[in-house]
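Numbering (the working numbering), first residue to last: -13 to 260.
Glycine included, each C-beta is placed from N, C-alpha and C at the ideal position.
Data block below; observations after.
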Amino acid sequence: GTLNRGACRAGVRACDEQGEGYGPCAGQVLPAPDRCDTAEDEDCDGVVNKGCTYARCGDVPRGLPSDVYALDPDGPGPEPEFDAYCDLVTDGGGWALLYNSVGSEAGKTLPFWNIPYAERLGTRGEPAPGQNFYRGSLYLVGREYRDEIEDLEGTVEEVLRATAEGIDAETMRLLRPAHVAGSADIFVAHFMSGWSSRDHDGDPSPGNCALLHQNVTQHYAQCWEYNLGSDADDPFNDGGWGPHLGTHIAERLALASDGTLHTRVRRISRWTRW
């Protein structure tokens, strides 16, 4: 952690000959500058990789934990850096959290997903596994995707693995989507089809699926296998709880249900890497 001088250690600052300041330190080893390509605290300040920015989660050095890191995918380009939660463990790591819907007994999750069309590539919430979060701009850079669902008993299942070559920023349709693994129904409903918000009907259903389901913005087909905010059993708002999954899908995936046709789940998350 020092300039080629061994372990960090304290030193003593000595007054200069004039007594007006400090002269060279006695016994001190100067810290090395923090590097961004290691998992070490080179400058000994107790913070690893402070001030580091990465092009993608996959560039975060091995050995660091899954956490929030600063990303800047376009480097010197015009887009500013941003904070992303990076999963550095699953399937080799490198996954950035794109959206996260977490069930709320207080009813805070349903209104979170009322995202207007103008904010489709924007950010809402803070990136953390236990909080509601959305960063639509990651669709512009994402190439691999995975969806995971946590049921009411805490079982987590990866329900979809897919790829795309970007997104049409106007229609929010993913470009050349391909199913890799997981539920084909979820792939069709929530990856390869349309996208709707309360003020944009881009799904293939005769009606606007977002308007039909409590103004929840997401990808839809006819209309959904999972929903980030709405139930499909009356009352659709379900106390504002948030994430729901068709029970027929839950049973197929061996996930717990609450006994209704569209069960509550604890969490629905989408991750991407590039």
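In its own chain, which residues sit with a C-beta less than 6 Å from the C-beta of residue i, not counting the 5 before and 5 after it?
i      : result
His176 : His205
Arg48  : none
Trp99  : Val202, Thr203, Leu214 and Gly215
Gly152 : Leu161
Ala236 : Ser243 and Thr249
Arg256 : Leu84, Tyr85 and Asp133
Val127 : Pro59 and Trp260
Leu247 : Asp219 and Thr233
Gly37  : none
Ser123 : Leu107
Asp171 : Glu211
Tyr131 : Ala148 and Thr258
Thr39  : Ala56, Asp58 and Glu67
Gly80  : Cys43, Gly44 and Arg259
Asp271 : What is shown of the chain runs -13 to 260, which leaves residue 271 out entirely.
Tyr120 : Tyr85 and Arg110
From the DSSP output, in three-state form, read off residue i for me.
i       : result
Asp133  : strand
Glu285  : The displayed coordinates of the chain run from -13 to 260. Any statement about residue 285 would go beyond what the structure contains.
His199  : coil
Val174  : helix
Ala104  : helix
Asp189  : coil
Arg238  : helix
Gly44   : helix
Asp53   : strand
Gly225  : helix
Gly(-8) : Because the pLDDT of Gly(-8) is 48, which lies under 50, any placement of that residue in the model is unreliable, and the number read from its coordinates should be weighed accordingly. Of the three classes helix, strand and coil, the one that applies to Gly(-8) here is coil, per DSSP.
Spatial neighbours of residue i within its chain, please: CB distance less than 7 Å, with the 5 preceding and 5 following residues excluded, ordered by chain position.
i      : result
Ser90  : Gly226, Trp227 and Gly228
Gln117 : Asn86, Val88 and Gly111
Thr24  : Pro47
Asp185 : Pro102 and Tyr103
Gln208 : Pro190 and Ser191
Cys195 : Ser182, Asp189, Tyr206, Cys209 and Trp210
Gly245 : none
Measure the beta-carbon distance from residue i to residue j and round it to whole angstroms, keeping in mind my assumption that it falls under 8 Å.
i      : j      : result
Ser179 : Pro190 : 6 Å
Leu231 : Glu143 : Incorrect: roughly 10 Å between the Cβ atoms, too far for contact.
Asp77  : Val54  : No, Asp77 and Val54 are not in contact; Cβ-Cβ is about 20 Å, not under 8 Å.
Arg252 : Leu138 : 6 Å
Ala155 : Arg129 : Wrong, their Cβ atoms sit about 16 Å apart, outside the cutoff.
Taking DSSP's pairing of strands, which residues face residue i in a bridge?
i      : result
Tyr120 : Tyr85 and Arg110
Arg272 : Any question about residue 272 goes unanswered here, given that the chain covers just -13 to 260.
Tyr206 : Gly180
Tyr125 : DSSP lists no partner for Tyr125.
Ala167 : Arg147
Asn213 : His230
Thr39  : Ala56
Leu160 : Ile153
Thr258 : Ala82 and Tyr131
Kindly say whether residue i, judged by its beta-carbon, lies nearer than 8 Å to any beta-carbon of chain B.
i      : result
Arg250 : In the structure shown, chain B does not exist; there is a single protein chain.
Given residue i, which residues of its chain have a CB within under 8 Å of its CB, disregarding the five upstream and five downstream residues?
i      : result
Arg238 : Ser169
Gln4   : none
field: Length at least 4, wholly inside the region 58 to 96: the alpha helix (DSSP H) runs in chain order
entry: The region 58 to 96 contains no whole alpha helix (DSSP H) run of 4 or more residues.
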